Amino acid sequence: MAIYSYVITRDFGFAPNPFFGYCTLATCKPLIRKGAQIGDWVIGTGSAAKNKEFRNYLVYAMCIEEKISLDDYWNDPRFINKKPVMNGSNMQWYGDNIYHLDSDTGQFVQEDSHHSLEDGSVNMKNYTKDLSGKFVLISKTYWYFGKEAILIPEELRCLIKSGQGHKRRDDKILINNFISWIQRQIGHAFIGIPVQFLGEFVRYKGE
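Residue numbering for the sequence shown follows our numbering, starting at -12 and increasing by one per position.
Now the structure itself:
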């Protein structure tokens, strides 16, 4: 068992997507999506550089319960509500179920979404990065705090990743202490709205 930790610099409810009863990580963070296994945890913390009020705060935590391919994710009826709808609600705008195989070409299609270009066409930066992750991480055991992010206790702050990339820790005592702490929190699953959720729809151009 391991904990993967990274800094959330953009919180639209897209990556991760905490809606409709599941927390899913289907885009971005390709190394985590490839490397993490069922039973591992993924946590996202606030960015001190962009918003000091979220320094040392936990935005979300999920225990990975399923790991499936992008095409299986697209075809699974449980996740139909996570497919983006551009004339829908905020939750539908930021649907993360955006990739599926074209049966004729054998290539992946990128649906019009937060990760496509302004006209809905393919954003190759996001396409290449997202597909390199290959898998979708899925959980029903999650705490998504969003704007209600909670302060991480000092004894657990060694889990926090500073800057880009991610941190992986497999210290059993540390992991058990984190699990005990998160399970004591009031609330479960979707608790607070994403920090950047309200307002006009925003597309991500890619780094």
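We put the CB at the ideal spot given by N, CA and C, even for glycine. Owing to the predicted nature of the structure, the values given are computational and were not obtained by experimental measurement.
- Item | Helix, strand or coil at Cys145 [DSSP, three-state] | Your numbering for residue 145 matches position 158 in the sequence shown. Three-state result, Cys145: helix.
- Determine the direct distance from the alpha carbon of His102 to that of Leu124, and round the result to whole angstroms. Sequence index remark: in the sequence shown, residue 124 carries index 137 (1-based). Sequence index remark: in the sequence shown, residue 102 carries index 115 (1-based). The alpha-carbon atoms of Leu124 and His102 are separated by roughly 18 angstroms.
- What does Cys15 pair with, by DSSP beta-bridge criteria? Sequence index remark: in the sequence shown, residue 15 carries index 28 (1-based). According to DSSP, Cys15 bridges with nothing at all.
- Would the beta-carbon of Ile67 fall within 8 angstroms of that of Gly33? Locating residue 67 in the sequence shown gives position 80, where the first residue counts as 1. Locating residue 33 in the sequence shown gives position 46, where the first residue counts as 1. The answer is no: Cβ separation not under 8 angstroms.
- Query: Thinking C-alpha only, which one of Tyr131, Asp58, Cys50 and Arg65 is nearest Val182?
  - Reply: For the purposes of this step, residue 182 is taken as residue 195 along the sequence shown, with counting starting at 1. Among Tyr131, Asp58, Cys50 and Arg65, the Cα nearest to that of Val182 belongs to Tyr131.
- Classify Gly31 as helix, strand or coil using the three-state DSSP reduction. Mapped onto the sequence shown, residue 31 falls at position 44. Note: Gly31 maps to strand in three-state DSSP.
- Chain-order list of residues whose beta-carbon lies under 6 angstroms from that of Phe6 (same chain, five-residue window excluded): To locate residue 6, count along the sequence shown from 1; it is residue 19. Only Met78 meet the Cβ criterion.
- Look at the Cβ atom of Met73, then the Cβ atom of Asp27, and state whether they are nearer than 8 angstroms. Here residue 73 refers to the residue found at position 86 when the sequence shown is read from its first residue. Here residue 27 refers to the residue found at position 40 when the sequence shown is read from its first residue. Cβ distance not < 8 angstroms, so Met73 and Asp27 don't count as in contact.
- Proximity of Asn164 and Leu138 at Cβ, strictly below 8 angstroms: As a working mapping, residue 164 is identified with position 177 in the sequence shown. As a working mapping, residue 138 is identified with position 151 in the sequence shown. Taking 8 angstroms as the Cβ cut-off, Asn164 and Leu138 do not qualify as a contacting pair.
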